[in-house]
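Chemist: What follows is a single structure, and I will ask about it in a moment.
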Amino acid sequence: MAALAVALLCWLVWFLPEAYQAALVYDSNAAVAGEWWRLWSGHLTHYTLSQLIADSGLVALLGLVLHRVISPYLFAISIIVALPLISLLLLWLVPEMNSYRGASGLAAMLWFMVGLHLIVQAKSGSVPIWIGPLFILLLIAKVAGEALALFPALSELPAGVVVAWQVHLFGMVIGLMVYLLCVRKQSD
5 MAALAVALLC
15 WLVWFLPEAY
25 QAALVYDSNA
35 AVAGEWWRLW
45 SGHLTHYTLS
55 QLIADSGLVA
65 LLGLVLHRVI
75 SPYLFAISII
85 VALPLISLLL
95 LWLVPEMNSY
105 RGASGLAAML
115 WFMVGLHLIV
125 QAKSGSVPIW
135 IGPLFILLLI
145 AKVAGEALAL
155 FPALSELPAG
165 VVVAWQVHLF
175 GMVIGLMVYL
185 LCVRKQSD
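Plus 4 on top of the position in the sequence shown (first one is 1) and you've got my numbering.
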């Protein structure tokens, strides 16, 4: 259960002393200077307890939904690859974002994958046809609302910290790729 492991690691990191947490945060300057582990570990750090609860809860719950859909090996590999890929996209496409904390990019990836799976399941008649598209549309609306600053963050963030909607968008795109490459390929 790779997603559950990530959720548990988020909690483990939360209880580390702040100095250790600071060494794990996604920091674009530090990553470029050779601290490459931050591409993974930044997703395990969180600003607030409410952010940690929201991110780890979603990752664990969505991971439980997907554990029957994708092989454990492919699921673990997809998460191991997705985390630094989200960070690299952030580094490349949003260079002004120097710091990031949270597993919400992974949560967006998993949410999108669940939505795609619900669409596929609707074809077999096991779920209503509207549930999958609604699941995906809710995520798209959330990310669009964050990008346009239409509503505040769903979890509490410190003053001066804004929602990294770009990370959620990257997670969605990677979720689409992972689903098409791993899940659909498995079923062929």
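Backbone N, C-alpha and C define an ideal beta-carbon position, used for all residues, glycine too.
Could you give the DSSP three-state label for Tyr-104: helix, strand or coil?
Modeler: Locating residue 104 in the sequence shown gives position 100, where the first residue counts as 1. The answer is strand: DSSP assigns Tyr-104 an E or B state.
Chemist: Let me know if Tyr-183 comes out buried or exposed under the rule of 16 or more other beta-carbons within 10 Å of its beta-carbon.
Modeler: As a working mapping, residue 183 is identified with position 179 in the sequence shown. So Tyr-183 counts as buried.
Chemist: For Leu-141, which of Gly-109, Phe-116, Pro-132, Gln-170 has the nearest alpha-carbon?
Modeler: On the sequence shown, position 137 is the one that residue 141 refers to. Per the Cα distances, Phe-116.
Chemist: Is Tyr-24 helix, strand or coil by DSSP?
Modeler: Mapped onto the sequence shown, residue 24 falls at position 20. Residue state, collapsed to three classes: helix.
Chemist: When DSSP labels each residue in this structure, what does Tyr-51 get in the three-state scheme?
Modeler: As a position in the sequence shown, residue 51 is number 47, starting the count at 1. In this structure, Tyr-51 counts as coil in the three-state DSSP scheme.
Chemist: Using 8 Å for Cβ pairs, my map puts Val-17 next to Leu-8. What's the rounded Cβ distance?
Modeler: The sequence position of residue 17 within the sequence shown is 13, counting from 1. The sequence position of residue 8 within the sequence shown is 4, counting from 1. Actually they are not in contact, since the Cβ atoms of Val-17 and Leu-8 sit about 15 Å apart, beyond 8 Å.
Chemist: Would you say Gln-125 faces chain D, with C-beta separation under 7 Å as the test?
Modeler: Annotation note: the requested chain D is absent from the structure, which comprises a single protein chain.
Chemist: State the start and end residues of the unbroken alpha helix (DSSP H) segment that holds Pro-88.
Modeler: Position 84 of the sequence shown, counted from the first residue, corresponds to residue 88. For Pro-88, the enclosing alpha helix (DSSP H) starts and ends at 76–97.
Chemist: Among the residues of its own chain, which have a CB less than 7 Å from the CB of Val-118, if the five just before and after it don't count?
Modeler: Locating residue 118 in the sequence shown gives position 114, counting from the first residue. Answer for Val-118: Leu-66, Val-69, Leu-70, Phe-139, listed in chain order.
Chemist: Between Ser-60 and Glu-160, is the Cβ-Cβ spacing less than 7 Å?
Modeler: Indexing the sequence shown from 1 puts residue 60 at position 56. Indexing the sequence shown from 1 puts residue 160 at position 156. Here Ser-60 is not near Glu-160, since their CB atoms are 7 Å or more apart.
Chemist: Would you call Pro-88 buried or exposed, if buried means 16 or more other Cβ atoms sit within 10 Å of its Cβ?
Modeler: One-based indexing of the sequence shown puts residue 88 at position 84. Classification for Pro-88: buried.
Chemist: Where Leu-185 and Thr-52 are concerned, what is the direct C-alpha to C-alpha distance, given to the nearest angstrom?
Modeler: If you number the sequence shown from 1, residue 185 lands on position 181. If you number the sequence shown from 1, residue 52 lands on position 48. Each residue's Cα considered, the two are about 34 Å apart.
Chemist: Going by beta carbon distance, what residues of the same chain come within less than 6 Å of Tyr-104, once the five residues before and after it are set aside?
Modeler: For the purposes of this step, residue 104 is identified with residue 100 of the sequence shown, where counting begins at 1. Same-chain partners within the cutoff: Tyr-30, Gly-46, Ala-168.
Chemist: On a Cα-Cα basis, can you pick out the residue from Leu-93, Ile-84, Gly-38, Val-36 that is closest to His-172?
Modeler: For this step, residue 172 is matched to residue 168 along the sequence shown. Selected option, being the one with the closest Cα: Leu-93.
Chemist: Taking the alpha helix (DSSP H) that Gly-164 belongs to, which residues open and close that run?
Modeler: Here residue 164 is taken as the residue at index 160 of the sequence shown, counted from 1. First-last for Gly-164: undefined, no H or E at that position.
Chemist: In the DSSP assignment, find the unbroken alpha helix (DSSP H) run with Glu-150 in it and report its ends.
Modeler: Here the question's residue 150 lines up with position 146 in the sequence shown. In the DSSP annotation of this structure, the continuous segment of the alpha helix (DSSP H) that includes Glu-150 starts and ends at 135–151.
Chemist: Between the Cα of Val-36 and those of Trp-96, Gly-179, Ile-178, spot the shortest distance and give me the residue it belongs to.
Modeler: Sequence index remark: in the sequence shown, residue 36 carries index 32 (1-based). When each option's Cα is compared against that of Val-36, the closest is Trp-96.
Chemist: With distance defined between alpha-carbon atoms, name the residue in Leu-152, Gly-175, Val-177 nearest to Val-166.
Modeler: Here residue 166 refers to the residue found at position 162 when the sequence shown is read from its first residue. Looking at the Cα atoms, Leu-152 is the closest of the given residues.
Chemist: What do you get for Gly-164, buried or exposed, if any count of 16 or more other CB atoms within 10 angstroms of its CB means buried?
Modeler: The residue labelled residue 164 in the question sits at position 160 within the sequence shown. Exposed, by the Cβ-count rule.
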